[in-house]
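So the structure is just underneath, and the comments pick up after that.
Residue numbers (our numbering), protein chains in the order written: chain A, 4 to 114; chain B, 1380 to 2245.
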């Protein structure tokens, strides 16, 4: 499942998606990439190749739920939103991300 | 709960695919739109969006993997693959499926009997809480309980929901044109409450109907309702008449209700407050109780013992001598059938094991033929586990097919069970249900693992498969000890089964050969209906017996006639403790003897010889008795016994008698039991259940109609029923024995044929493997006889090895059977010799065919194939 080489990236992707969904009621996949792209001011770019498998896996885990709906342009799209379980997960992901960056920052600073 | 959604997706693959396509296509469209807005032309934007997204189909595939359970899909793929490859080998598949259908079918059939008889609760709500309560008087088990004591136990105990009781009587029902014999169950109050059953139509007995002087009411069986009343609901306005009493029909029981007898027709109340029921000495109810929830058997026992201790203080005589005995009703119902069933189950499990071994050997041969296919799979990057899984899936497909066929076999088998042993307890409860289906599935799974694992692991050993893939075509000779070992194991198991079956068959044969001390041939037995109430008039009931016997004797073709309370040769051990009026020294053995109640003509009718003294006569004033030789020799110094007076200790029913003569020993209590000390009371009172015996010149069954007519003439108000030759009664008494013998013999024969098929198959395979080697040797001048001898030798050596191991197993099996054998020792040399002869002869035949085929190889042709 997925490319092994971007394991960390995949983990990060979960965090990014959960965080993005937390800030909005519901979003479709394209909107999620666009949003991450926009908020990170083009620093982060989500590859389509990993987005959809990740979304579907998260759905199976029960962190997010999906439903079909219409976009403002009246197109059929699959919208994702955060579940209670997903909110809890987001906290854990944020916590572990914070520890990771802090650790890496310390190593860069003091090693 | 990811897996639930995954499994749901698994079952809607097309819908899932469509949804994924829609979702991803939307993404591409959005991207194209954005690009267009930033100034690209439409085709350019589309192309760019698609390029950026990558291969849509591959993306869908990858996303889809998240949505379905991977293992399930792989399994399904394997199964599909298996069905395809099995369809290409129909001969192999059919052999395996049939073998398994036999193995699993026989196994499930016996399991269905075990399930119905031993595992399932009795067919009453919470049937496992039902108890059988009997009483022992001075340690002598006495099955029946006095009505008053039953009522005392019922209201004094604290651990039971209720106690009730019953006794049966065949009664003559007089409301129709002719008297009809009906099986009447006289029940104590609370009968249906304790059993937890309600009538299907009408109502239970009302409280006032359960007392003396109350209205008389009857419940009838579904069978009687259909037969006599055409299943009409206005049966509730009808009545039955027994003797002078009319019973209003108040209800019809459900069709499944057959308690306490399978042929019960009518249930009426036997009120505990009838004047004649008030004695604490008179016992007639078989008592059953129901445990309160969460009460254990041990607690109920302790409780009833306390209650009885109280009664002993209140009524020292006779309650001080009495102790209650409590057991689960189910255990007493099932009785001795348990051991037979487990032995049969063990045998069919061995049979299934043989089938598995057989299939394992077949699979190994097949796998060797597929080495190249396996090697190709490996070279394409398959893992060992996945290659082994493919093979296991194949076996599983076969096992499932076998189990499905086996289920059909099991369904048919319940019919066989019923016809072979209709007396087996609970036999009519054997039916197909989901237990059996699940069991068949479990069998399929177990056989898959048992027969599939070793071949799957062996054929996927990488080094082996690679080397064989290269050497396959030029191989000269290979040793296949594992396959031959498997064949030897089959032979061993078959020998064990055949040994057991042989011992049972020999016992059966011995049982037919033994002279029981009486002549059971040309005897017709029958019942004439009467009631317990009529037994109050002793002289009247004696006259009636005499009149009936006179009538029977007057028929042409009848040699003599007699009556008896128990049939000879049919197990019924009614034993009594006795003393003599003359007194006995302490050192002399206590007298305990089988008690029989017969008319004096009994001995002549059954050809039991008079050895000493006189034949007792009726109406000689003082009651007389005869004893058998064993009794006289064991207790009273042989012929000195004559003139002694016998007293039945603590039994007021049985009057003291003088011993008038000594007769020859007869196997009264069963053909398989040595004659026991026996006392015959020469008493000819007619009682419910009394058997009349008629010795005929010719075929006893031919007299049936004549007997019926004559008795209808003599006793128009009584019904005559159960007119059956004595030999049929005796044979029915050994139905369980017959069932187990016939079934075990069938299983053993199947086992031997399976083992010989295994031997034949493996040897044929070896021959085909070594065709070129044989051809080469023949070309170099070897004699065909030598080739035959060589392969025959392999087969016979394998069989001999199996026989040796099988004899050890057979010895163990024989030990298990030892209680069921009659007249043969568990190490009977004739049986062993017979088994070895059969197995070796069959093995030789099975080996000879492939051996001869090997010798017929045309050297040039076989060598050119290279």
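All C-beta atoms in this analysis are idealised placements derived from N, C-alpha and C, irrespective of residue type, glycine included.
| Check | Outcome |
| --- | --- |
| Can you check whether the CB of residue 1482/B is closer than 7 Å to the CB of residue 1334/B? | Outside the displayed range of chain B (1380 to 2245) lies residue 1334/B, so it cannot be described from this structure. |
| Do you know whose CA, among 2117/B, 1812/B, 1960/B and 2124/B, lies nearest residue 1726/B's CA? | 2124/B |
| Measure the Cβ-Cβ separation of residue 1882/B and residue 2186/B and say whether it is below 7 Å. | no |
| Do we get a CB-CB distance below 7 Å when we pair residue 1632/B with the residues of chain A? | no |
| Taking its Cβ as the centre, do 16 or more other Cβ atoms sit within 10 Å of residue 2251/B, making it buried, or is it exposed? | Nothing can be reported for residue 2251/B, as the shown portion of chain B is limited to 1380 through 2245. |
| Return the CA-CA distance between residue 2043/B and residue 2071/B, expressed in angstroms with no decimal places. | 21 Å |
| Got a sec: is the Cβ-Cβ distance from residue 75/A to anything in chain B below 7 Å? | no |
| Could you tell me whether the Cβ of residue 1406/B comes closer than 7 Å to any Cβ of chain A? | yes |
| If you measure from the beta carbon of residue 104/A to each beta carbon in chain B, is any gap under 7 Å? | no |
| Under a Cβ-count criterion, where at least 16 other Cβ atoms within 10 Å of its own Cβ denotes burial, should residue 1796/B be classed as buried or exposed? | buried |
| With which residues is residue 1995/B paired in a DSSP beta bridge? | Note: residue 1995/B sits in no beta bridge, so no partner. |
| Is the beta carbon of residue 1931/B sitting closer than 7 Å to the one on residue 1944/B? | no |
| Could you give the C-beta distance for residue 1573/B and residue 1648/B, rounded to a whole number, given that I count them as a contact under 8 Å? | Between residue 1648/B and residue 1573/B the Cβ distance is about 14 Å, and since that is not below 8 Å, they are no contact. |
| Specify, as a first and last residue, the run of the beta strand (DSSP E) that residue 66/A falls within. | Taken as a continuous stretch (DSSP letters only), residue 66/A belongs to no beta strand (DSSP E), as it is neither H nor E. |
| Among 1873/B, 1443/B and 2181/B, which one has its Cα closest to the Cα of residue 1395/B? | 1443/B |
| Any heavy atom of the ligand ZN closer than 6 Å to the CB of residue 2132/B? | For the ligand ZN, the structure offers nothing, since it holds no ligand at all. |
| Taking just the CA atoms, how far does residue 1965/B sit from residue 1988/B? | 33 Å |
| Could you give the first and the last residue of the continuous alpha helix (DSSP H) run that contains residue 1688/B? | 1676 to 1693 |
| Rounded to whole angstroms, what is the Cα-Cα separation between residue 1493/B and residue 1721/B? | 8 Å |
| So, for residue 1654/B: in the same chain, excluding its five sequence neighbours on each side, which residues have a beta-carbon less than 8 Å away from its beta-carbon? | 1591 |
| Taking the beta carbon of residue 140/A as the centre, do at least 16 other beta carbons fall within 10 Å, making it buried, or is it exposed? | With chain A represented from 4 up to 114, any question about residue 140/A goes unanswered, as that position is not in the structure. |
| Mapping the DSSP letters down to three states, classify residue 1646/B as helix, strand or coil. | strand |
| Who pairs with residue 1565/B in a beta bridge, going by DSSP? | 1546/B and 1647/B |
| Pick helix, strand or coil for residue 1703/B, following the three-state DSSP scheme. | strand |
| Hey, quick one: how far does the beta strand (DSSP E) through residue 2040/B stretch, first residue to last? | 2036 to 2042 |
| Would you give the residue range spanned by the alpha helix (DSSP H) that residue 1886/B belongs to? | 1860 to 1892 |
| Is residue 1778/B helix, strand or coil when you go by DSSP? | helix |
| Leaving aside the five residues before and after residue 2177/B along the sequence, list all residues of the same chain whose C-beta is less than 6 Å from its C-beta, in chain order. | 1863, 1866 and 1867 |
| Using 8 Å as the Cβ pair cut-off and three pairs as the minimum, do the region 2020 to 2028 of chain B and the region 2088 to 2107 of chain B touch? | no |
| Suppose contacts are defined by Cβ-Cβ distances below 7 Å. Is residue 1824/B in contact with residue 1716/B by that definition? | no |
| Taking Cβ-Cβ distances shorter than 7 Å, what residues in chain B pair up with residue 52/A? | 1433 and 1438 |
| Between residue 1430/B and chain A, is any beta-carbon pair separated by less than 7 Å? | no |
| Anything in the region 1408 to 1427 of chain B with a Cβ closer than 9 Å to a Cβ of chain A? List those residues in chain order, please. | 1408, 1409, 1410, 1412 and 1413 |
| Are the beta-carbon atoms belonging to residue 1936/B and residue 2082/B less than 7 Å from one another? | yes |
| Give the residues of chain B in contact with residue 79/A, contact being defined as C-beta atoms less than 8 Å apart. | 1401 and 1405 |
| Throw me the rounded Cβ distance for the residue 1927/B and residue 2090/B pair, which I believe falls under 8 Å. | 7 Å |
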